[in-house]
Amino acid sequence: SELPLFSYPDFFTRADEELARIIDHHWQKELKIRQKEDAICEAQERKDKELKEKNHFREIMKRREEKLHKQTKPYELPPRTEVISLEIT
Numbered sequence: 002s003e004l005p006l007f008s009y010p011d012f013f014t015r016a017d018e019e020l021a022r023i024i025d026h027h028w029q030k031e032l033k034i035r036q037k038e039d040a041i042c043e044a045q046e047r048k049d050k051e052l053k054e055k056n057h058f059r060e061i062m063k064r065r066e067e068k069l070h071k072q073t074k075p076y077e078l079p080p081r082t083e084v085i086s087l088e089i090t
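For the sequence shown, my numbering begins at 2 and goes up steadily by one.
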């Protein structure tokens, strides 16, 4: 029978497994860091979008007031000043 080249051939197998484990560990850390950065970016983008929408709405209301001299929002009814009588006269 033929003898193996090395008396402990599983040394390389163990070394490969250890290397694979180390690479996997670093990959997991990298993935977590990337996910955290993505979450921060998304939160910032959401905040920027909300601010942009708020400024856009403010600009629309400003133009509306200049044009129509009205302070109410487009979908609001103005406050009623007169009292409606329910009595039949």
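All C-beta atoms in this analysis are idealised placements derived from N, C-alpha and C, irrespective of residue type, glycine included. Everything numeric in this text was worked out from a predicted model, so none of it was measured.
Secondary structure at Lys63, three-state DSSP: helix, strand or coil? helix
Lys71 beta carbon less than 8 Å from that of Arg64: no
DSSP-derived helix/strand/coil call for Lys30: Residue state, collapsed to three classes: helix.
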